[in-house]
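For what it's worth, this note's numbering labels the leading residue of the sequence shown as 854, then goes sequentially.
Beneath this line is the structure, given in structure tokens, with notes to follow.
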Amino acid sequence: MFIELNNLKGLIVNLDSFKQETDIEWSNISDKVKLLFFSNDKTRLINISSIRNNVYTSDNDPYAYFINTTCFAEFLKIMSLHSYEVVFVSSDIDNIKNALNLPLGTILVSDTNVTDYTRICYLPDFEVSKIDEINDIINDNINGKMSGYFAELATTIFKWGEYLPFNHAYAVISEKELNGYKCSIVCGGRYFNTHDERYKVHQLSQRIINNKDTMSQNAVFLPVFEQLVKFVDSELSKVDGVTRVPPRPSEIKNDRFLNIIGQICDKNGYTDLAHGIYCNSDYPTQKNLNAEERLENVRGKFSARMRFDGMHVILIDDVISTGATAFECAKVLYENGAKKVTILVLGVNQLTNSWRSTYYKDLRCEYCGALMKMRFNSKRLERPAFFGCTNYRNGNCSNTVDYITGIRTINEQSEISTLTVADSNSDIDLLF
Ligand SMILES: [Zn+2]
């Protein structure tokens, strides 16, 4: 799902990131969207401008947008579109990473099946393997059938008792070696931490935080984990048993995935391995530690109660960041005979881009002006998420806005304005 997009009406394409022989493929892109190509190669731009209708080109310094929005504002002006109506497309990973600083939808075109773990914390809204596949995203968006990361779609409730209707759902598949052991890592979606501007509008991230102490979201997470385990079983490698990153001894009552594992194993015939591994002593929080400190912090903290000889074990957790805790658990499973360990999480922690805060404007209550925050009805999970006035608690204001209206308003408020260009020009006029 696109976080910054209200309606998809145009693609802004970094043409230089694609091989020239693929230029003809853009003629197949749905004519429901405008296309803007930017490139340093003027001849290439002239050739591509005739492949279909509604094509725009720019040889404006394409890399200027890395440090400011002037270039993008110029593109939007050429296309007569708002930033919440366009998506940035590139086949260059670093290029996408830079674009993530801006409130824009992003599509990475990349033909690798497995996501490189070093860039898993900079995921685009979509990753497709061929230019043609962008049409699926366009058609889904226009038909109101959402596509995107599976766990994000499956936890986004926006109508009474109704999940987002979705056509194309993806998981992020990656691999990593740590402590001398290799694991497959399957992530249901992205997790934006509480310092990230996107957290404010992202149901999966807020539900994960909501669940930490209360387990209030387990009814929403159970079918998500179940589908993901079955996905690993059928698409990656046959699954024998399921366990989780065990809680610290002091938090043993908050063993939040114990019940979920029991239900998934009962129903699908996997072995419940939750009691096979435990945390032998408390360790301080992993927050604010770097990757090496995290490894050191959890070293030797987990032990096995059994052998896992020849088994493919799934190790579930809610979020993965550096992977230190999950890999320390995987090490114990491997040392006790496991043949393969797959780490399975709802979300992979995305790195915060401080620049984004320049664009994001909070949702404010139209009656009292107070901040509006996303809320869930914890007793009736099938009820949709909504934005509620923070003056509610002191009884002064009970204003609410439905989820879709809320995120659309935030996107409209946070757009890259085409006025940026006019403003900077008028400044120059004044100076000289
Ligand atoms: Zn209010």
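Every residue gets a Cβ at the ideal spot worked out from N, C-alpha and C, and that includes glycine.
Cβ-Cβ separation, residue j to residue i (assumed contact under 8 angstroms), whole Å
i       : j       : result
Ile1130 : Phe1155 : 6 angstroms
Thr1178 : Val1201 : Not quite, the Cβ-Cβ distance comes to about 14 angstroms (not below 8 angstroms), so this is no contact.
Lys1029 : Tyr975  : Actually they are not in contact, since the Cβ atoms of Lys1029 and Tyr975 sit about 15 angstroms apart, beyond 8 angstroms.
Glu878  : Ile984  : 4 angstroms
Phe1180 : Leu953  : Wrong, their Cβ atoms sit about 26 angstroms apart, outside the cutoff.
Leu955  : Phe925  : 7 angstroms
Thr1195 : Leu1126 : Not quite, the Cβ-Cβ distance comes to about 13 angstroms (not below 8 angstroms), so this is no contact.
Leu957  : Phe941  : 5 angstroms
Val981  : Val962  : 6 angstroms
Leu1199 : Ala1183 : No, Leu1199 and Ala1183 are not in contact; Cβ-Cβ is about 18 angstroms, not under 8 angstroms.
Ile882  : Asn988  : 6 angstroms
Ser1000 : His1021 : 4 angstroms
Ile1061 : Ala1238 : Ile1061 to Ala1238, Cβ: 13 angstroms. No contact.
Asn1064 : Asp1170 : Incorrect: roughly 12 angstroms between the Cβ atoms, too far for contact.
Ser944  : Phe871  : 5 angstroms
Thr1050 : Ser1210 : Reading the sequence as shown, one finds Glu at residue 1050 and not Thr. Confirmed, Cβ separation roughly 6 angstroms.
Asn1121 : Ala1157 : At roughly 23 angstroms, the Cβ-Cβ gap does not stay under 8 angstroms, so Asn1121 and Ala1157 are not in contact.
Lys1192 : Ser1267 : With a Cβ gap of about 48 angstroms, Lys1192 and Ser1267 do not count as contacting.
C-beta contact flag for residue i and residue j at 8 angstroms
i       : j       : result
Ile1113 : Thr1096 : no
Thr968  : Val1039 : no
Val886  : Ile960  : no
Phe890  : Leu868  : yes
Thr899  : Asp876  : According to the sequence as given, residue 899 is Ile; it is not Thr. For Ile899 and Asp876, no; Cβs fall outside 8 angstroms.
Asp912  : Lys895  : yes
Tyr1002 : Tyr1023 : yes
Val1085 : Ile1117 : no
Asn1252 : Cys1218 : yes
Thr910  : His1048 : no
Ala1223 : Thr1175 : no
Ile1269 : Tyr1187 : no
Arg897  : Asp884  : no
Val1092 : Tyr1123 : yes
Ser1027 : Ile973  : yes
Cys1132 : Arg1160 : no
Within-8 angstroms CB hit, residue i to chain B
i       : result
Thr1096 : No chain B is present in this structure, which holds just one protein chain.
Just the residues with CB closer than 6 angstroms to a heavy atom of ligand 1, in chain order, which are they? Cys1218, Tyr1220, Cys1221, Ala1223, Cys1242, Asn1244, Cys1250, Asn1252
Assess, as a yes-or-no matter, whether the segment 999-1009 is touched by the segment 1159-1166 under the definition of 3 or more beta carbon pairs within less than 8 angstroms. no
For the pair the segment 1040-1057 and the segment 1256-1266, tell me if three or more CB-CB distances fall below 8 angstroms. yes
Evaluate contact between the segment 1096-1111 and the segment 1062-1072, counting only Cβ atoms and requiring at least three cross-stretch pairs below 8 angstroms. yes
Would you call the segment 1099-1107 and the segment 1070-1082 touching, i.e. three or more CB-CB distances under 8 angstroms? no
Using 8 angstroms as the cut-off, can you tell me whether the segment 860-868 makes contact with the segment 925-941, which would need three or more C-beta pairs spanning the two stretches below that distance? yes
Kindly confirm or deny that the segment 1252-1261 and the segment 1218-1234 touch, where touching means at least three C-beta pairs closer than 8 angstroms. yes
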